[in-house]
Structures are given as structure tokens and as C-alpha cells.
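Okay, so the sequence shown: first residue is 5 according to this note's numbering, each after it adds one.
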Amino acid sequence: MASPISVYNADGSRNKAGEITSYAELCLKIGDHSERIDLTVTDLSSKEIFLGHDWLVCHNPIINWAMGTITFACCHCTKNPFILPNADPDDEWELQEGETILAIYPEEAIEVCAVHKANELAAKANEGKEKKSFKEIVPEPYHDFEDLFTKESFDELSACKPWDHAIELVPNTKNTLDCKVYPLNRIEQEELNKFLDENLTSG
């Protein structure tokens with residue numbers, strides 16, 4: 005960028021990433037909506053992307069806050085006009101009915117043609133490194149307890165003991181929740197399902 009952009013957080017402090025000096029041109033896809041969009045690069049903490057007021061004014065989407073859905077009824081962008089190089093047609097991420105959009109993760113469909121210097125240095129530093137063993141990571145006084153840290157030791161719950169703490173449930177509470185506690189994208193949901201299945205198997 006010819007002129008760096010100063011970035012301030014909501015509390016008025018300067019963003020820790022400093023001034024914005026770069027931007028990326030990406031294909032943004034939400035359902036049947038696709039567009040080329042220029043996104044400036046900065047630190048957004050846990051979020052991947054912010055779509056600001058100007059974007060909302062330009063596309064004027066219909067947002068159903070109660071249902072957590074977004075519809076592009078007034079947008080003049082062409083539906084899905086962009087074909088990405090080397091794109092896998094069988095690996096497209098589509099929003100499912102009832103899902104909520106909190107952030108867009110373009111890396112699932114975009115090959116990023118630029119690498120931050122810090123990432124490049126970190127990758128080079130890890131090249132050729134061998135995975136350390138348990139005894140290399142853990143101090144020597146704890147080597148005799150290696151079996152307590154193996155995955156197999158967590159595959160079965162230990163027997164009940166008199167000192168176990170009881171989990172007191174609230175009377176007349178519903179057994180299940182009819183909504184997600186917090187929205188997840190597809191990859192996060194798949195990992196959560198794996199985690200739950202693994203722990204349910206363990207008892």
C-alpha cells in the first residue's frame with residue numbers, strides 16, 4: 005500500500021500489529037453469493053475477518069437476527085462467477101440452513117500467494133526438527149509416571165472413590181439444549197464431534 009493506515013482498537017488504543025501496510029484480494033463466498041474483495045491485513049485477535057458498515061451498505065443483505073440467517077436479496081453481485089485455480093469441486097463449503105455466520109474463513113478455498121515474514125521464519129526454524137520424547141520434555145523426577153500421561157490411560161474412567169465430588173443437577177432442567185451454545189464453522193464442528201465421540205466412548 006502506498007500510504008499506511010493507522011489502526012485503533014475499540015478502546016482507542018493503537019492496534020498491536022501496527023499500521024496496515026498490505027492488503028489481499030480474495031474471493032468471498034457466502035452461500036450463493038460470491039465477490040472479489042480487497043481485505044487489509046492486521047491483527048483481529050481471534051477473528052479472521054471483519055466485514056464493516058460500508059460492505060453492509062453496498063450489499064444491503066437481509067439479516068434475520070432471530071434465526072441467525074443472512075440473505076442477499078438486493079445485491080447486484082453475480083452469483084458464483086469466480087472459478088478458483090486448482091479448486092476441488094467436491095470440496096466446497098456451503099452454509100447449512102440454520103447456521104450462523106460469525107466470520108468467514110477464506111483459507112478453505114483460497115491459495116494465499118503471500119506469506120508473512122514471521123510465519124516464514126517460524127517454518128524454517130521447525131524444519132528438520134525431530135519430535136521430542138516424553139523423557140526429553142518432562143523433568144527427570146517425573147519419568148516414573150510416564151504411564152499416567154499416555155493416551156491409553158484416559159480411555160477408561162477410574163473407579164468411583166468416596167472422595168469424588170458429586171455433580172448436583174438443577175431439578176426440572178431440560179435434558180438437552182435445542183440450540184448450539186456457540187456457533188462453529190464446519191471444521192470446528194467436525195473436530196468437536198470427534199472430541200465428543202472419543203470421550204463418550206471412554207465413558
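We put the CB at the ideal spot given by N, CA and C, even for glycine. Since the model is a prediction, treat every value here as computed from it, not as a measurement.
Beta-carbon proximity list for Glu-192, same chain, < 8 Å, skipping 5 on both sides: For Glu-192, where only same-chain residues beyond five positions count, there are no Cβ hits under 8 Å.
Outcome for Glu-160 when other beta-carbon atoms lying within 10 angstroms are tallied against a minimum of 16: Glu-160 comes out exposed.
Three-way DSSP call (helix, strand, coil) for Asp-148 in this model: Asp-148: helix per DSSP, three-state reduction.
Integer-rounded CB distance, given that Val-45 should sit under 8 Å from Ser-26: Contact flag correct, Cβ pair sits at about 5 Å.
Distance between Thr-75 and Cys-117 (C-alpha atoms, nearest Å): Since pLDDT at Cys-117 reaches only 46, below the 50 mark, its modelled position is unreliable, and the value read off the structure follows with that caveat. Between Cys-117 and Thr-75, the alpha-carbon positions lie close to 31 Å from each other.
Residues near Ser-206 by beta carbon distance below 8 Å, same chain, minus five either side: If we look at Ser-206 and ignore the five residues flanking it on each side, its Cβ neighbours are Phe-158, Asp-159, Glu-160 and Leu-161.
Beta-carbon contacts of Ala-21 that lie in its chain and below 6 Å, excluding the five residues immediately before and after: Correct list, in chain order: Thr-46 and Asp-47.
Nonlocal neighbours in the same chain, by C-beta distance under 6 Å from Ala-77, ignoring five residues either side: Taking C-beta separations shorter than 6 Å and ignoring five residues to either side along the sequence, the partners of Ala-77 in its chain run Ile-66, following chain order.
Residue range of the beta strand (DSSP E) that includes Ser-206: Secondary structure note for Ser-206: it is in no beta strand (DSSP E), and the uninterrupted alpha helix (DSSP H) holding it is 190–206.
Neighbour-count burial assignment, Lys-155, 16 or more Cβ in a 10 Å radius: Lys-155 comes out exposed.
First and last residue of the uninterrupted beta strand (DSSP E) at Leu-60: Careful: Leu-60 lies outside any beta strand (DSSP E), inside the alpha helix (DSSP H) at 57–63.
Cβ-based neighbour list, His-147, same chain, cut-off 7 Å, excluding 5 preceding and 5 following: The residues are Lys-139.
Presumed contact (8 Å Cβ cut-off) between Glu-23 and Asp-42, rounded CB distance: Not really, about 17 Å apart at Cβ, beyond 8 Å.
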